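Protein chains: 2
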Amino acid sequence: MHESINFSEKFAKINQHWTPGIVAEMNDYQFKLVKVQGDFVWHSHEDTDEVFIVLEGEMDIEFRDGKVTIKSGEMYVVPKGVEHKPFAENECKIMIVEPGGVTNTGDAGGELTAEDGVWI
Amino acid sequence: MHESINFSEKFAKINQHWTPGIVAEMNDYQFKLVKVQGDFVWHSHEDTDEVFIVLEGEMDIEFRDGKVTIKSGEMYVVPKGVEHKPFAENECKIMIVEPGGVTNTGDAGGELTAEDGVWI
Chain A
10 MHESINFSEK
20 FAKINQHWTP
30 GIVAEMNDYQ
40 FKLVKVQGDF
50 VWHSHEDTDE
60 VFIVLEGEMD
70 IEFRDGKVTI
80 KSGEMYVVPK
90 GVEHKPFAEN
100 ECKIMIVEPG
110 GVTNTGDAGG
120 ELTAEDGVWI
Chain B
10 MHESINFSEK
20 FAKINQHWTP
30 GIVAEMNDYQ
40 FKLVKVQGDF
50 VWHSHEDTDE
60 VFIVLEGEMD
70 IEFRDGKVTI
80 KSGEMYVVPK
90 GVEHKPFAEN
100 ECKIMIVEPG
110 GVTNTGDAGG
120 ELTAEDGVWI
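Quick mapping for you: the protein sequence lines, in order, are chains A and B.
Each residue of the first sequence is one higher than the one before, counting from 10 in the working numbering.
Each residue of the second sequence is one higher than the one before, counting from 10 in the working numbering.
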């Protein structure tokens with residue numbers, strides 16, 4: 010009846026980069042797993058902070074005034090309204106935490122925009 | 010200027026079980042690291058769900074109608090208002106996500122109640 014959510018099992022269901030899969034909900038917030046590799050687009054989220062937790066590998070987030078490298082066992086909170094561009098040289102497995110209904114490309118749109126609300 | 014939050018470095022600052030240390034804030038939610046071992050108290054949080062993510066080791070959460078085991082690389086969301094009792098046979102390192110201002114022992118109180126709002 011009570012079952013834990015296993016990240017490895019969930020990641021096995023993801024076969025595209027930059028496509029978040031929701032694995033859990035807490036109040037009106039969602040926990041999403043994402044495989045990232047290569048360049049994402051510059052974007053921002055006007056209404057919410059966004060949490061990145063790296064579970065495997067490492068990624069960078071570029072800002073207009075610098076960048077942060079986030080490795081496995083680390084996290085970072087992108088403040089609301091701050092332009093950022095995620096990047097990963099090699100495939101990296103991450104968890105994103107943010108309110109339900111947030112679009113991955115924020116204000117930017119474009120071809121990397123993923124469908125909202127997909128549970129895995 | 011932009012710095013990631015490293016869980017190992019933060020855990021090195023924690024020297025008591027069941028005492029959460031805040032490491033990040035997202036909107037009005039907080040991310041807390043906790044070292045747990047032994048029995049916690051039965052309690053519930055009337056106003057919020059509570060997320061447990063196990064980073065190292067394993068723990069159980071007992072419910073009145075069963076229990077869940079959560080291992081490293083797994084998570085579980087305790088729904089608001091549901092009585093639960095965390096337990097870990099061996100020391101286990103976890104992350105808790107919940108709104109700021111939530112007390113660890115919820116409605117139960119007692120000697121394991123930790124000070125709110127402690128950043129590490």
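Backbone N, C-alpha and C fix where the C-beta goes; we use that ideal spot for every residue, glycine too.
Keep in mind that this is a model prediction, so the values were computed, not measured.
The Cβ neighbour count for residue 35 of chain B, taken over all protein chains shown within 10 Å, is at least 16; the residue is labelled buried.
Using a Cβ-Cβ cut-off of 8 Å, residue 99 of chain A does not count as an interface residue toward chain B, since no Cβ of chain B sits closer than that to its own. Pairing residue 92 of chain A with residue 102 of chain A, the inter-Cα distance amounts to about 22 Å. Among the CB atoms of chain A, one or more fall inside 8 Å of the CB of residue 33 of chain B. Residues of chain A whose Cβ lies closer than 7 Å to the Cβ of residue 92 of chain B do not exist; the shortest such Cβ separation is about 13 Å. By the rule that beta-carbons nearer than 8 Å mark a contact, residue 16 of chain A touches chain B. Excluding residues up to 5 positions away in sequence, 53, 55 lie with their Cβ nearer than 6 Å to the Cβ of residue 90 of chain A in the same chain. When CB distances to chain A are screened at a threshold of 8 Å, the residues of the segment 70 to 90 of chain B falling below it are 70, 72, 74, 75, 76, 77, 78, 79, 80, 82, 83, 84, 85, 86, 89, in chain order. Between residue 105 of chain B and residue 41 of chain B, the CB-CB gap stays under 8 Å. Inclusion of residue 46 of chain A and residue 26 of chain A in the CB contact set at 8 Å is warranted, their separation being smaller than that value. Residue 99 of chain A sits exposed, since fewer than 16 C-beta atoms from the chains shown fall within 10 Å of its C-beta.
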